[in-house]
Amino acid sequence: MKIARILFVLAFFLATLRAAETPEDVAVKQIAATKAANWEDYTACMHPKALTHFKDSMVPVGDAAVAADTPAAKRILDRVFANQDVGKLKSAPPAEYFKTFMQNWSAKNPGFVQTMKSAKIQMLGHANESDTQVHVVYRTVKEARGSKITNIDVVSLEKDGDKWKCMLSDELENLASNLLLQLRAK
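The sequence shown begins at 6 in this note's numbering and counts up by one.
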């Protein structure tokens, strides 16, 4: 009886391990959400720490763009914030702020989603940085204007409890700094 109980617990434990999402599973989910322009699912794949960091870095951009009366500020308010009330966006929780940003940005930059829709993705694996941080490597093949473009891409993930969650891409990580530079350019 004792052995049967141990075997049952062991079998349950192994089944639980197999059922856990791998970093590649989460990366595939996020890529699928991008292809579908499903920003709610995309945001659900994001680590809460990344969402908070994104909002904290973008709020000053919105404030600076509202305060400036320049063509660059108007472009940023249109193309990045879709001319939404920046003060209202500021009061949104980080996940809502990020999702709204992705909806607005993709609507103003439709080529991004269009290119991703037809992209072919091949997962190549992941590299562990630590027990709680990994980097998933994948190949993206896109067609744009009759040309085939192949990239090797990386998405970093970090544990949030027992689940893997995506961190910000380099482009999103650096977006606020790049926008502030545009606002400061004469």
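Ideal Cβ positions, reconstructed from N, Cα and C, are used throughout, including at glycine. Bear in mind the structure is a predicted one, so any value in this text is a computation, not a measurement.
Are the stretch 163-179 and the stretch 145-152 touching, with three or more C-beta to C-beta distances below 8 Å?
Cβ pair count under 8 Å is below three, so no.
Within the continuous beta strand (DSSP E) that includes V142, where are the two ends?
The residue you call residue 142 lines up with position 137 of the sequence shown. Q138 to A149 is the span of the beta strand (DSSP E), which, as asked, contains V142.
Going by DSSP in three states, V33 sits in which element: helix, strand or coil?
Here residue 33 is taken as the residue at index 28 of the sequence shown, counted from 1. The answer is helix: DSSP assigns V33 an H, G or I state.
Can you name the start and end residues of the beta strand (DSSP E) that G130 belongs to?
What you label residue 130 is simply residue 125 of the sequence shown in a count that begins at 1. In the DSSP assignment, G130 falls within the unbroken beta strand (DSSP E) covering K125 to N133.
Going straight from the alpha carbon of C171 to that of A77, what length do you get?
Position 166 of the sequence shown, counting from 1, holds the residue named residue 171. Position 72 of the sequence shown, counting from 1, holds the residue named residue 77. Near 31 Å, if we compare the C-alpha coordinates of A77 and C171.
Is the separation between the beta-carbon of F59 and that of L184 shorter than 9 Å?
Numbered from 1 along the sequence shown, position 54 holds the residue referred to as residue 59. Numbered from 1 along the sequence shown, position 179 holds the residue referred to as residue 184. The answer is no: Cβ separation not under 9 Å.
Residue interval of the alpha helix (DSSP H) (run including K88):
Here residue 88 refers to the residue found at position 83 of the sequence shown. Inspection of the sequence shows that residue 88 is occupied by Asn rather than by Lys. Run containing N88: none; DSSP gives neither H nor E here.
Per DSSP, what are the beta-bridge partners of I157 in this structure?
The sequence position of residue 157 within the sequence shown is 152, counting from 1. Beta-bridge pairing links I157 to R144.
For my contact list, R144 and L162 are in at a C-beta cut-off of 8 Å; report their separation, rounded to the angstrom.
As a first step, residue 144 must be located in the sequence shown, where it is residue number 139. As a first step, residue 162 must be located in the sequence shown, where it is residue number 157. About 18 Å separates the two Cβ atoms, so there is no contact after all.
Three-state class that DSSP yields for E207 in the structure shown:
One cannot answer for residue 207 here, as it falls past the ends of the chain, which runs 6 to 191.
Reducing DSSP to helix, strand and coil, say where S152 ends up.
One-based indexing of the sequence shown puts residue 152 at position 147. Here S152 sits in strand by DSSP.
Excluding sequence positions up to five away, which residues of its chain have a Cβ less than 6 Å from the Cβ of N133?
Against the sequence shown, residue 133 aligns to sequence position 128. The beta carbon of N133 sits closer than 6 Å to the beta carbons of V139 from its chain, once the five residues preceding and following it are set aside; these are given in chain order.
Can you name the start and end residues of the alpha helix (DSSP H) that H52 belongs to?
Reading the sequence shown from its first residue, position 47 is the one you call residue 52. First-last for H52: undefined, no H or E at that position.
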